[in-house]
Every structure is written in C-alpha cells, then in structure tokens.
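Engineer: Counted the way this note's numbering counts, the sequence shown spans residues 8 to 126.
Built from N, CA and C at the ideal position, the CB exists for glycine as well.
For clarity, every value in this text was computed on a predicted model and none was experimentally measured.
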Amino acid sequence: DGVATDIAELREHGMPVWARGLSAVTTKRLFSNGEFCTTISCGGVPVNPGDCILADENGVLVLPPDPAAILAAADRAIGMQKDEKANMPKITAGEKISDLNGTTRRIDEMLAAQKSAKS
C-alpha cells in the first residue's frame with residue numbers, strides 16, 4: 008500500500024507490481040523492512056497469506072483461498088469483459104454506460120421510493 012522500488016529489476020523478471028508510485032530509495036541491502044506470510048492491509052482491505060489476488064490495470068481483487076469463490080469471481084470478471092466488448096459500439100454511438108448497466112433505472116427506482124415515502 009505504498010511506493011515501489013527497483014522497477015528495472017522487477018520488469019527484468021516480469022514481476023507485475025501495483026503501487027501508489029515509485030521511489031528511488033530502497034532498503035533491500037539493509038534487510039531492515041519487510042515480512043513474509045503475514046496479514047497486511049492494502050487500500051484498507053486485509054490481505055492474508057494464501058489469498059488469491061486477481062489484478063489488472065483496472066483494479067485489484069482479493070479473494071480467500073476458496074476455489075468456488077475464485078471460480079465465481081473469475082466467471083463474473085470474464086462476463087463483465089464480454090459485456091464491455093458488446094457494449095462498446097453502443098457507447099461509441101452515444102449511449103450512456105449508466106443506461107446500459109442498469110444504474111439509471113436503479114437510481115430512478117430509489118428516487119421514486121424516497122418520493123413516495125415522503126408523501
């Protein structure tokens with residue numbers, strides 16, 4: 008949940024890294040920082056040893072080491088990618104994402120419920 012160092016080495020080894028930024032300061036030769044196999048907090052989300060991490064340029068997902076949960080999340084992510092691909096021509100044509108994904112409809116429902124509760 009911070010900056011990354013030694014970027015050239017990480018790239019050389021093909022190690023994907025998600026960080027808040029870069030830093031020229033390294034502690035690797037001092038061996039003064041870092042732990043292995045301990046729970047951390049990243050972006051306010053606890054990450055435990057053994058958790059499954061799914062990440063790309065759009066975000067990071069932390070899942071418990073439960074095969075069913077991992078498969079369900081992967082299936083959902085693949086479905087979202089397929090939906091996005093199918094919706095791109097509509098978005099390019101000017102349709103709103105909120106109309107396509109149901110957000111506009113849900114907000115209208117919530118506003119109508121609030122209005123009727125006040126009446």
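Using a Cβ-Cβ cut-off of 7 Å (strictly less than) and excluding sequence neighbours within five positions of K97, which residues of its own chain qualify?
Structural biologist: Taking the first residue of the sequence shown as position 1, residue 97 is located at position 90. If we look at K97 and ignore the five residues flanking it on each side, its Cβ neighbours are L107.
Engineer: Distance, Cα to Cα, K122 vs S105?
Structural biologist: In the sequence shown, residue 122 corresponds to position 115, counting from 1. In the sequence shown, residue 105 corresponds to position 98, counting from 1. Straight-line Cα distance between these residues: approximately 21 Å.
Engineer: Pick helix, strand or coil for S48, following the three-state DSSP scheme.
Structural biologist: In the sequence shown, residue 48 corresponds to position 41, counting from 1. Here S48 sits in strand by DSSP.
Engineer: Grouping DSSP H, G and I as helix and E and B as strand, with all else coil, what is D8?
Structural biologist: Here residue 8 refers to the residue found at position 1 of the sequence shown. D8: coil per DSSP, three-state reduction.
Engineer: To the nearest angstrom, how far is the alpha carbon of E102 from that of D115?
Structural biologist: The residue labelled residue 102 in the question sits at position 95 within the sequence shown. The residue labelled residue 115 in the question sits at position 108 within the sequence shown. The straight-line gap from Cα to Cα measures roughly 17 Å.
Engineer: Residue range of the alpha helix (DSSP H) that D58 falls in?
Structural biologist: Residue numbering aside, residue 58 sits at position 51 when the sequence shown is read from its first letter. D58 -> no alpha helix (DSSP H), and no H or E assigned at all.
Engineer: Extract the residue ranges of the beta strand (DSSP E) inside the stretch 64-93, only unbroken runs of 3 or more that lie entirely within it.
Structural biologist: Fully enclosed beta strand (DSSP E) runs of 3 or longer: 66-70.
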